[in-house]
Amino acid sequence: MTPIKSRLSLNRLVVFCKGSPAYDEKFHSGVNIIRGENSSGKSTIADFIFYVLGGDFKNWKPEAAQCDVVLAEVEINGIPITIRREITKHGLQPMAIFPDTYAKASASSSEGWLVYPYKRSAEKDNFSHYLFDLLKFPEIKTELESMLTMHQILRMLYVDQLTPPESIMRNEQYDYPSTRKSIGDLLLGVYDDSIYTNELTLREKKRLAEELSGQYKNISDTFRKSKIELDLDTINKKIKEAEAKRKELQAKIDEIVADAGFGAGVGDESEAKRFQAEYVTTKQDLETLRNSIHRGEFDFEDSKEFLASLESRREALANSMVTAETLGEINLTFCPKCLLPLPAPKDKDACCLCNQKTSKGTEKTQYLKMQQELVFQIKESRALLGEKESKLVQLKAELPVLERKCALLRSRLNEAIRTVKTERNKDLDVLLVDKGSTEAHIEHLYVQAKTIQVIENFRDKSLKLKDEIERLNAVISQKKKARDSHLAKAYSAIDTIAGLLLKKDLNREETFSNPKNVVVDFERNSFRVNDRNQFSASSIIYLKNCIHFAMFFASAELDFFRYPRFILCDNIEDKGMEEVRSQNFQRCIVELSVACKSEHQIIFTTSMIDPTLDNTAYCVGKFYTQAKKTLKIQ
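Take the position in the sequence shown, starting the count at 1, then add 172; the result is the number in the numbering used here.
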């Protein structure tokens, strides 16, 4: 299947204050410009967008703090959803999601809304998991064992004014290089979750190998010091000899009993009855255990088939969506059942087959609902399957123990029955004692054989683990080579596009006119050009924005990028940027956007809009002023 590039876009943003809309604007594909005077509320709208998309934000400006709730219609990979978040001074707020358009969400007061917490718990996934699933993002656990969130992703998608100019990524109070690297790897499309999974598996295999090696050495050393035989073939030979001796003794016992005839009955009849009762009980327990194992195996296989069918349905559903997006909408002209011509739909938005009216994104919304239901069922089924497997393993482990006990009781019962009514003599007593010693020796040999089997299992498992470790090392090495190749292509594309934007700058920095290499370092949260990162404040901002937009447009060129082709920029004229320099950059961005063949969305704010862009389709809302700010608070 053709890979689908992740795409996120904002269709509509609505902010309510005391029950009335304080801001309500629609956004579109391509360039969206929010323009107005300084301090007219442009950054406040940018903060609302960051927050409603999943950012953690609580430092609201006074006007924003008066508002109650922010809603947004968002489209993720063609699927429309509506997001609602309460405006509060407290962080880590939950998110309510309606899996359809804003119009349909507005018509539903509570039904259909799904509420997700900010943090994941054992009982419920968080909203980041929901959004990542739509974005086709893998779940990433950092070295600190924390999961990446939507907030972390937005640290790169939202270029704000408060972050220091020299930082490529929005600052955090508690920030770690490994977290920033994970964000960068994910957006550049070089994070391979299978590498992480294989590395976790490799660590676990190595731990098990060390553990098994230690256990094998300890048991082997103990046996050698005790001078106990460790060769299984030798033990089996001794068991065979002891079994032959036991049979020989039993034959002699049977002969004496037969010659003696039935006498006064000096045997212990109560002992025979005790063996019989214990044997019957054990036999019933054995039968019950076998039935439980049989039912457990059937139930386990049935659950495996059900889980496989769910996985198959999820894969088929995903493939059908990819096929639909690849081929586009196909209008049927003939009925697939009777093959007669279909009448033309009365409404252009109606289904060509059933004539039911549909709306944009209906199919994808249904797909989303079906997908979420399948994900939930698969998660529950896997947990249940694990429980069934554990129970089955436990039952099977009890089986050989109970079988051996049953066989031993049967042997003792038979012996008791044969001797209970015979007249005992000295020869018989000697034979019975000898037979008992032989059986005890056989039991000891079986225990010894079982121990040797355990040792050999340790050795076999160690060899198997060694092979698996070698295989995993080879797989990881191969995947890392592919990742490194993609990483080189990603940085090359960023370098090329950033260099193009730098060359189009006005003659303010000599270095910008001849950019030999542009480097971004996520771990250090820094960037540089020609190994320099010390420029005037406005030039650092210009370089920073060039790199952000270079990454943005590179995602439209390279299929392996996961960057969702969405950028929110609130710092185009930050730190004393000249008006002509800002306007030149705006024109460059619009030119690249027009030339871009992939669907994308750019939202930026400016108080210095280029005259050729003002009052065009690129603009969202009015030109805001001190008198007419972005938020209409009554």
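Cβ atoms here follow ideal geometry from the backbone N, Cα and C, with glycine treated the same way.
Since this is a predicted model, take the numbers as computed values, not measurements.
For residue 790, which residues from the same chain have a beta carbon less than 8 angstroms from its beta carbon, with the 5 sequence-adjacent residues on both sides left out? Closer than 8 angstroms at Cβ, skipping near neighbours: 202, 203, 204, 205 and 762.
Cut-off 8 angstroms between Cβ atoms - residues of its own chain near residue 461, not counting five sequence neighbours on either side: Cβ neighbours of residue 461 beyond the five flanking positions: 567, 570, 571 and 574.
Which one or two residues does DSSP pair with residue 208 in a beta bridge? DSSP output for residue 208 lists 796 as bridge partner(s).
Helix, strand or coil at residue 515 according to DSSP, with G and I counted as helix: It is coil, neither helix nor strand.
Taking the Cβ atom as the reference point for each residue, do residue 328 and residue 367 lie within a distance shorter than 7 angstroms? Cβ distance not < 7 angstroms, so residue 328 and residue 367 don't count as in contact.
Along the beta strand (DSSP E) that carries residue 780, what are the first and last residues, could you check? Element bounds for residue 780: n/a, residue is neither H nor E.
Check whether the Cβ atoms of residue 802 and residue 330 sit closer than 7 angstroms, and answer yes or no. Taking 7 angstroms as the Cβ cut-off, residue 802 and residue 330 do not qualify as a contacting pair.
Spell out a yes or no on whether the stretch 234-244 and the stretch 252-260 are touching, meaning 3 or more CB-CB pairs, one atom from each, closer than 8 angstroms. Yes: at least three Cβ pairs fall under 8 angstroms.
On the criterion of 16 or more Cβ atoms from any shown chain inside 10 Å, does residue 584 qualify as buried, or is it exposed? It is buried - the Cβ of residue 584 has at least 16 other Cβ atoms within 10 Å.
Beta-carbon proximity of residue 325 to residue 699, cut-off 7 angstroms: No; because the gap between Cβ atoms is not below 7 angstroms, this pair is not in contact.
Among the candidates 446, 214 and 715, whose CA atom is the shortest distance from the CA of residue 740? The option with the nearest alpha carbon to residue 740 is 214.
Tell me whether the beta-carbon of residue 624 lies closer than 7 angstroms to the beta-carbon of residue 404. In this structure, residue 404 lies closer than 7 angstroms to residue 624 by Cβ.
Report yes if the CB atom of residue 782 is closer than 7 angstroms to the CB atom of residue 753, and no otherwise. Against a cut-off of 7 angstroms, the Cβ pair of residue 753 and residue 782 comes out as no contact.
Thinking just about the alpha-carbon of each residue, which of 724, 771 and 410 is nearest to the one in residue 618? When 724, 771 and 410 are compared, the shortest CA-CA separation from residue 618 is found for 410.
At which residue ranges does the stretch 265-313 contain complete alpha helix (DSSP H) runs of 4 or more residues, listed in the order of the chain? Within the stretch 265-313, the complete alpha helix (DSSP H) runs of at least 4 residues are 274-278 and 299-307.
Here's the rule I'm using: 16 or more other beta-carbon atoms within 10 Å means buried, otherwise exposed. How should residue 372 be labelled? Exposed is the call here.
State the DSSP-derived secondary structure class of residue 183, mapped to helix, strand or coil. Look at residue 183 here: in three-state DSSP terms it is strand.
Selected residue, minimal CA-CA separation from residue 610, among 418, 736 and 513: Out of 418, 736 and 513, 418 has the C-alpha closest to the C-alpha of residue 610.
Using the rule of at least 16 other Cβ atoms within 10 Å of the residue's Cβ for burial, across every protein chain shown, is residue 806 buried or exposed? Exposed is the label assigned to residue 806, since fewer than 16 other Cβ atoms lie within 10 Å of its Cβ.
Between residue 692 and residue 667, is the Cβ-Cβ spacing less than 7 angstroms? In terms of Cβ geometry, residue 692 and residue 667 do not form a close pair [threshold 7 angstroms].
Please state the DSSP three-state secondary structure of residue 718. Helix.
Quick one, which of 581, 743, 734 and 798 has its alpha-carbon nearest residue 309's? Cα-wise, what sits closest to residue 309 is 734.
In whole angstroms, give me the CA-to-CA distance for residue 485 and residue 452. Roughly 49 angstroms separates the two Cα atoms.
Can we say the stretch 670-686 touches the stretch 705-714, given the rule of at least three CB pairs closer than 8 angstroms? Contact between the stretch 670-686 and the stretch 705-714 is present, because at least three Cβ pairs lie under 8 angstroms.
Contact set for residue 788: own chain, Cβ-Cβ below 7 angstroms, skip 5 residues either direction: Result list for residue 788: empty, nothing under 7 angstroms.
Beta-carbon within less than 6 angstroms of residue 363's beta-carbon, same chain only, minus the 5 sequence neighbours each way: which residues are those? Within the same chain, residue 363 has close Cβ partners 357.
Using the Cα positions of residue 192 and residue 211, report the straight-line distance between them to the nearest angstrom. Those two C-alpha atoms are separated by around 23 angstroms.
Mind checking which residues open and close the beta strand (DSSP E) that includes residue 254? That run of the beta strand (DSSP E) goes 251-258.
Please state whether DSSP places residue 340 in a helix, a strand or coil. Coil.
Going by Cα to Cα distance, which pick from 321, 636 and 415 is closest to residue 378? Relative to the Cα of residue 378, the nearest Cα in the group 321, 636 and 415 belongs to 636.
Let me make sure I understand the geometry here. Which of 468, 651 and 450 has the alpha-carbon closest to that of residue 580? Answer by Cα proximity: 450.
Between the beta-carbon of residue 421 and the beta-carbon of residue 603, is there less than 7 angstroms? Yes, Cβ-Cβ distance for residue 421 and residue 603 is below 7 angstroms.
Mark residue 605 as exposed unless 16 or more other C-beta atoms lie within 10 angstroms of its C-beta, in which case mark it buried. With fewer than 16 other Cβ atoms within 10 Å, it is exposed.
Pick out whichever of 633, 492 and 466 has its Cα sitting closest to the Cα of residue 561. Considering only alpha carbons, the answer is 466.
Using alpha carbons as the reference points, say which of 732, 726 and 669 lies closest to residue 655. The closest CA to that of residue 655, considering only 732, 726 and 669, is found on 732.
Is the separation between the beta-carbon of residue 407 and that of residue 543 shorter than 7 angstroms? No. Outside cutoff.
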